[in-house]
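One structure is given here, and the rest of the page talks about it.
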Amino acid sequence: MSLLEMSDISKAFNGVTVLSGVSLNVEKGEVHALLGENGAGKSTLMNILTGVYPKDTGTITFDGETIPAMTIPLSEQKGIAFVHQELNLFNDLTVCDNIFMGKEYVKRGGMLDKRKMMKEARELFNSLGVDIDPTETVSGLSASKKQLLEISKALFFNAKLLILDEPTTSLNNEEVDHLFSIVNGLKEQGTSFIFISHKMPEIFRISDRYTILRNGRFIETGKIADTTPEQVASKMVGEGFSAAAGSYTKRELGDVVLKLDHLSGEGFSDISLEARKGEVIGLTGLQGSGSSELLHSIFGVTRHTSGSILVHGQPVSGQGIHSAMKAGIALLPPNRKENSVLPDMTILENMVAAEHTLSGNKQHISVKRELEKYEKYHEMLSIKAESPLDPVISLSGGNQQKVFIARWLNTEADILLLDNPTQGIDIGAKAEIYHLIMELAKSGKTILINTLEIPELEKVADSCAVFYNGSIIKTLPHEEIDETTVMLYSTNAVDDNGGNNHE
Amino acid sequence: MNNAQAGSKKAGENILTFIGRHSYIVVFVLIFIVYMLTTSGLTWGGMMNIFRHSAVVGIIALGMGLICLTGEIDLSVGSMLAFDAGFSVVVFNKTGSIILTLLFALAFGVVCGLINGLLVGYIQMPAFIVTLATMLIYRSFAQYCCQRIDKVLLGGGSSVYKMSRKLPDGTELAAYQRMYNFGNGKIATLPIVGIILILLTILFVYISTSTKFGKKIYAVGSNTKGAQMAGINVAKVKVAVFVITGLLVGVSAFLWISMNASADPATTGNSYEMYAIAAVVLGGISMSGGKGRVLGIFFGALSYTVIDKIIVALKMDSLINNAIKGIILIIVIMVQIVGPKVRARFKK
Numbered sequence: 000m001s002l003l004e005m006s007d008i009s010k011a012f013n014g015v016t017v018l019s020g021v022s023l024n025v026e027k028g029e030v031h032a033l034l035g036e037n038g039a040g041k042s043t044l045m046n047i048l049t050g051v052y053p054k055d056t057g058t059i060t061f062d063g064e065t066i067p068a069m070t071i072p073l074s075e076q077k078g079i080a081f082v083h084q085e086l087n088l089f090n091d092l093t094v095c096d097n098i099f100m101g102k103e104y105v106k107r108g109g110m111l112d113k114r115k116m117m118k119e120a121r122e123l124f125n126s127l128g129v130d131i132d133p134t135e136t137v138s139g140l141s142a143s144k145k146q147l148l149e150i151s152k153a154l155f156f157n158a159k160l161l162i163l164d165e166p167t168t169s170l171n172n173e174e175v176d177h178l179f180s181i182v183n184g185l186k187e188q189g190t191s192f193i194f195i196s197h198k199m200p201e202i203f204r205i206s207d208r209y210t211i212l213r214n215g216r217f218i219e220t221g222k223i224a225d226t227t228p229e230q231v232a233s234k235m236v237g238e239g240f241s242a243a244a245g246s247y248t249k250r251e252l253g254d255v256v257l258k259l260d261h262l263s264g265e266g267f268s269d270i271s272l273e274a275r276k277g278e279v280i281g282l283t284g285l286q287g288s289g290s291s292e293l294l295h296s297i298f299g300v301t302r303h304t305s306g307s308i309l310v311h312g313q314p315v316s317g318q319g320i321h322s323a324m325k326a327g328i329a330l331l332p333p334n335r336k337e338n339s340v341l342p343d344m345t346i347l348e349n350m351v352a353a354e355h356t357l358s359g360n361k362q363h364i365s366v367k368r369e370l371e372k373y374e375k376y377h378e379m380l381s382i383k384a385e386s387p388l389d390p391v392i393s394l395s396g397g398n399q400q401k402v403f404i405a406r407w408l409n410t411e412a413d414i415l416l417l418d419n420p421t422q423g424i425d426i427g428a429k430a431e432i433y434h435l436i437m438e439l440a441k442s443g444k445t446i447l448i449n450t451l452e453i454p455e456l457e458k459v460a461d462s463c464a465v466f467y468n469g470s471i472i473k474t475l476p477h478e479e480i481d482e483t484t485v486m487l488y489s490t491n492a493v494d495d496n497g498g499n500n501h502e
Numbered sequence: 000m001n002n003a004q005a006g007s008k009k010a011g012e013n014i015l016t017f018i019g020r021h022s023y024i025v026v027f028v029l030i031f032i033v034y035m036l037t038t039s040g041l042t043w044g045g046m047m048n049i050f051r052h053s054a055v056v057g058i059i060a061l062g063m064g065l066i067c068l069t070g071e072i073d074l075s076v077g078s079m080l081a082f083d084a085g086f087s088v089v090v091f092n093k094t095g096s097i098i099l100t101l102l103f104a105l106a107f108g109v110v111c112g113l114i115n116g117l118l119v120g121y122i123q124m125p126a127f128i129v130t131l132a133t134m135l136i137y138r139s140f141a142q143y144c145c146q147r148i149d150k151v152l153l154g155g156g157s158s159v160y161k162m163s164r165k166l167p168d169g170t171e172l173a174a175y176q177r178m179y180n181f182g183n184g185k186i187a188t189l190p191i192v193g194i195i196l197i198l199l200t201i202l203f204v205y206i207s208t209s210t211k212f213g214k215k216i217y218a219v220g221s222n223t224k225g226a227q228m229a230g231i232n233v234a235k236v237k238v239a240v241f242v243i244t245g246l247l248v249g250v251s252a253f254l255w256i257s258m259n260a261s262a263d264p265a266t267t268g269n270s271y272e273m274y275a276i277a278a279v280v281l282g283g284i285s286m287s288g289g290k291g292r293v294l295g296i297f298f299g300a301l302s303y304t305v306i307d308k309i310i311v312a313l314k315m316d317s318l319i320n321n322a323i324k325g326i327i328l329i330i331v332i333m334v335q336i337v338g339p340k341v342r343a344r345f346k347k
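Protein chains in written order, with numbering that gives the first Met the number 0: chain A, 0 to 502; chain B, 0 to 347.
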């Protein structure tokens, strides 16, 4: 018998249908992948399941009981736990405080029974094989431990169904392994999971079954074993998928534009690298291996301590973001919401923000000229927006990212540093971004792209620098970039680099 | 039937959207209607007086608005006004020059604002704490110096900075009358100080909507990290808004002594930081930064002056004044917060 049966669920906001006749069936003790592009209706469906939104039509049956009106407290009481992508933890409190928040044990007289809570927290972590000290402050935990804490917390209160929303975005491979082994262990004990992710390899590794949504409609459900990533991807995107593959074309490269000469700084050391006009260089490595830190330092967000950065043979004068921008360097930062989006401002204002800082002497804004520029990038990047004066947050993630690419193209930078440019955007938009990167390279831009997703690099990079522990441990030409090879180097499992792998 | 329903729904939605976006005009119109009803014999001169009495707070509030748009706050403006106005009186009594007095008032305001700005922008101290401290410091200095400065320079006042009709050497000062005429004069029935408020409002509406600097203010308030990563020098923008506010306090200080011919270090500008913040909030600017329109500040400041007039017209005890202002502030903000939720209901 199924643990969860959602059938014929429909939901409309302001007359716009976001879900129509969607069904989802989760068995006891399975990991069920819920797949679809951003905007396919996954979040809405999960919000209906956890009682955040009421459903318009359809039925929810959980654990054999039909629930006519789901609410947040009721879903918690029934044992449904939503582990959000942005974790809902109190950072300044201890692990133990977080587990028992609002449900503390109290001794007679109103005092908290700290000893009992601490004991049970320890037992909980022991039983799960999670190495977290309940007395530690949450802000001191790594991203993966926070994730595990959220899961542990849900299990402590007898969750039967856990919804994991992109749980691996901020985890490195080792941490992902650990998370998955815990998920597998819990599965054996009968806990069910709904797994939401954009990463195909993970989906195929951990899931038993899947359900695909597209544009608010139910497309297909089935066993993971009976399908392939390509089939799943094409069903998620619908028609027109396939352009993403094979967008790489070999090109003639120009002169050296960016040269890093023995550059050292926080998180990386002694990096030397040359990038030519029209070249795309991939940077990769485990999280914290220094590739992202290097890009931030080239852009002047953090200072480099020694070495130099040369653009067209000239050293960049001064440190700091403004100097880098004047030298023609642009950085598309990771975590769009935190580092790029100006949420109260319009699409146009977001697009021109960087250019404004370069031309500060002319204070007056010519709306007409800016609208002309908008039209140019609107067309060039095919940004799906109704009006440039709409708020930027009305756009989907992929289109927001295009706005920020336009922000930097608008500064006429020659060197584009892209840090995790496809983070949190759906497959269709990803393909467009790869295509765009290729086009920009052809038009003569020099591009450094940092990503943990190797298939991305296979599609765009002329070469790939693999980082390990703050240094480039190996540079692979385009032909040799593949997931296994890169992984071997980034975990320093290959011994062909002259003993560099012994710390 | 269905169509008509949809139509009325849409109309309701539009009205609510308009109220949500331009609440400051609605508030002002409502208060003004009450004023018209309560005042027997509404006169042109009476209405123009509203501008005159809104000028000082209104000009300070323009600066406060920019600071709030960056997500910061300045509690020191009231004390700064007293400090600046007091010392400007001393400069006037010493030099007898209107120009020097004006330049001093502006420069002194800039320095006071710069101190706040550097501490908030570059040292990255919380603005609330910094300006709370400078609020105490500026007021205290104003009062302390008033006791210590030569009585001649105080215009013979005790514990008040009074503008003098004569220079220390005994020559009559024509400038005294000219200052007074400036502060209390009118051009085509419009009070001069009111005209200055209107001109500065126009200038700051332009700066906030049509200049790169204006957009940077919004960007910093909207997402500080995002603004920094777009190349905006966040510290510089913050220093700039505090310095501009200091400059505007300088303008206000000059207007104040022109209108009153004196400055009392104990009472001048008392609670003005609160009135300025209230005008900013009433004008629809979010205290968390990034949202709102500078034009709203103008109407926010006018609204408060009209409330004063209503209380006078109703012959109510002026001590009830702040209670009424406070209640109106709560109601308006409540509407701003509850309004969108009601609007969402309408859409269903």
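C-beta atoms are modelled at their ideal positions from N, C-alpha and C, and glycine is treated no differently. For clarity, every value in this text was computed on a predicted model and none was experimentally measured.
Touching or not, the segment 189 to 204 of chain A and the segment 107 to 114 of chain A, by the rule of three or more beta carbon pairs under 8 Å?
-> The segment 189 to 204 of chain A, when compared against the segment 107 to 114 of chain A, does not touch it at the 8 Å Cβ threshold.
field: Thr93(A) in three-state terms, based on DSSP
entry: DSSP places Thr93(A) in strand when its eight states are reduced to three.
Original post:
So, helix, strand or coil for His303(A), using DSSP?
Top reply: Strand, per DSSP.
Legend entry - Expected contact under 8 Å - CB spacing of Leu178(A) and Leu170(A) to nearest Å: The C-beta distance from Leu178(A) to Leu170(A) rounds to 7 Å, short enough to meet the 8 Å contact threshold.
Exercise. By the criterion of Cβ-Cβ separation under 8 Å, what are the contact partners of Val340(A) in chain B?
Worked result: Going along chain B in sequence order, the residues near Val340(A) (Cβ under 8 Å) are Asn222, Gly225.
* Asked: Counting along the chain, where does the alpha helix (DSSP H) carrying Asp83(B) start and finish?
  -> Segment 76 to 94, the alpha helix (DSSP H) holding Asp83(B).
Checklist entry - Of the choices Val25(A), Pro53(A), Pro342(A), whose alpha-carbon is the least far from that of Asp207(A)? => result The option with the nearest alpha carbon to Asp207(A) is Val25(A).
Any 3 or more C-beta pairs closer than 8 Å across the segment 454 to 464 of chain A and the segment 281 to 293 of chain A: As far as the Cβ criterion goes, the segment 454 to 464 of chain A touches the segment 281 to 293 of chain A, which means the pair count is three or higher.
- Task: Measure the Cβ-Cβ separation of Asn409(A) and Lys372(A) and say whether it is below 8 Å.
- Result: Yes, Cβ-Cβ distance for Asn409(A) and Lys372(A) is below 8 Å.
- [ ] Express the C-alpha separation of Gly295(B) and Thr283(B) in angstroms, rounding to a whole number.
- [x] It should be pointed out that residue 283(B) corresponds to Gly in this sequence rather than to Thr. Whole-angstrom Cα-Cα distance: 6 Å.
Exercise. Report the three-state DSSP secondary structure of Met45(A) (helix, strand or coil).
Key: The answer is helix: DSSP assigns Met45(A) an H, G or I state.
Given this structure, state the Cα-to-Cα distance separating Ala278(B) from Ile332(B), to the nearest angstrom.
Per the coordinates, the alpha-carbon of Ala278(B) lies some 12 Å from the alpha-carbon of Ile332(B).
Classify Gly312(A) as helix, strand or coil using the three-state DSSP reduction. Note: Gly312(A) maps to coil in three-state DSSP.
(Q) Suppose contacts are defined by Cβ-Cβ distances below 8 Å. Is Val459(A) in contact with Val279(A) by that definition? (A) With respect to Val279(A), Val459(A) sits close: the two C-beta atoms are nearer than 8 Å.
Next on the checklist: Closer than 7 Å between beta carbons: that is the criterion. Which residues of the segment 195 to 214 of chain B meet it against chain A?
Outcome noted: Under the 7 Å Cβ criterion, the segment 195 to 214 of chain B contributes Ser209, Thr210, Lys211, Phe212, Lys214.
Worksheet item: chain B beta carbons: is any one of them nearer than 8 Å to that of Met344(A)?
Response: Closer than 8 Å: yes.
Query raised in the report: Enumerated in chain order, which unbroken segments of the beta strand (DSSP E) with a length of 3 residues or greater are wholly contained in the segment 216 to 287 of chain A?
Result: You should have 216 to 222, 255 to 264, 267 to 275, 279 to 284.
List the endpoints of the continuous beta strand (DSSP E) containing Arg107(A). If you look at Arg107(A), you'll find it isn't in any beta strand (DSSP E); DSSP assigns it neither H nor E.
For Val82(A), which three-state DSSP category applies?
-> In the three-state DSSP reduction, Val82(A) falls in the strand class (E or B).
Exercise. Which residues in the same chain have their Cβ closer than 6 Å to the Cβ of Gly289(B), if we skip the five residues on either side of it in sequence?
Worked result: Here the set comprises Tyr217, Gly220, Ser221.
Cutoff 8 Å: Met228(B) Cβ touching any chain A Cβ: For Met228(B), the answer is yes, since a Cβ of chain A falls inside 8 Å of its Cβ.
Using only CA atoms, which one of Lys258(A), Asp260(A), Ala80(A), Val351(A) lies nearest to Phe61(A)? If you compare the alpha carbons of Lys258(A), Asp260(A), Ala80(A), Val351(A) with that of Phe61(A), the shortest gap goes to Ala80(A).
query: If we cut at 8 Å on Cβ distances, does Gly289(B) have a partner in chain A?
result: Chain A has a Cβ within less than 8 Å of the Cβ of Gly289(B).
Check: How about the segment 101 to 111 of chain B and the segment 79 to 89 of chain B: do they share at least three Cβ pairs that are nearer than 8 Å?
Finding: Short answer: they touch.
Q. What separation, rounded to the nearest whole angstrom, lies between the Cα atoms of Gly239(A) and Gly50(A)?
A. Bear in mind that the predicted position of Gly239(A) carries a pLDDT of just 49, short of 50, making it unreliable; the figure below should be weighed with that in mind. Rounded to the nearest angstrom, the two C-alpha atoms are 35 Å apart.
Q) Taking the runs of the alpha helix (DSSP H) that are 4 residues or longer, which of them lie wholly in the segment 426 to 490 of chain A? A) Those alpha helix (DSSP H) runs which fall completely within the segment 426 to 490 of chain A and span 4+ residues are 426 to 441, 453 to 459, 482 to 489.
Item checked: Closest by C-alpha distance to Val236(B), when choosing among Met79(B), Ser207(B), Gly156(B) -> Out of Met79(B), Ser207(B), Gly156(B), Ser207(B) has the C-alpha closest to the C-alpha of Val236(B).
| message | Contact criterion: CB-CB distance below 8 Å. Does Ala234(B) meet it with respect to chain A? | response | Chain A contact via Cβ: absent.
**Request:** For Met69(A), collect the residues of the same chain with a Cβ closer than 8 Å to its Cβ; drop the 5 residues on either side in sequence, then sort them by chain order.
**Result:** For Met69(A), the CB contacts under 8 Å within the same chain, skipping 5 residues up- and downstream, are Ile47, Leu48, Thr49, Gly50, Pro53, Lys54, Ile59 in chain order.
Determine the direct distance from the alpha carbon of Asp130(A) to that of Ser143(A), and round the result to whole angstroms. Distance between the alpha carbons of Ser143(A) and Asp130(A): 11 Å.
Check your understanding: If you drop the 5 nearest sequence neighbours on each side, which residues of the same chain put their C-beta closer than 6 Å to that of Ser1(A)?
Key -> Counting only Cβ-Cβ distances below 6 Å, and skipping sequence neighbours, we find Asn24, Glu26.
Is the Cβ-Cβ distance between Val248(B) and Ile59(B) less than 8 Å?
Yes, the pair counts as a contact, with Cβ atoms nearer than the cut-off.
request  = Report the neighbours of Pro166(A) on chain B: residues whose CB is nearer than 9 Å to its CB, in chain order.
outcome  = Under the 9 Å cutoff, chain B gives no residues; its nearest Cβ is about 24 Å from Pro166(A).
For a test of the three-state rule: what should DSSP assign to Ala60(B), helix, strand or coil? In this structure, DSSP gives Ala60(B) a helical state, which the three-state scheme calls helix.
* Asked: Any C-beta of chain B sitting closer than 8 Å to the C-beta of Thr356(A)?
  -> Taking 8 Å as the CB threshold, Thr356(A) lines the interface with chain B.
* Asked: To the nearest angstrom, how far is it from the Cα of Asn398(A) to the Cα of Glu455(A)?
  -> So the alpha carbons of these two residues sit roughly 18 Å apart.
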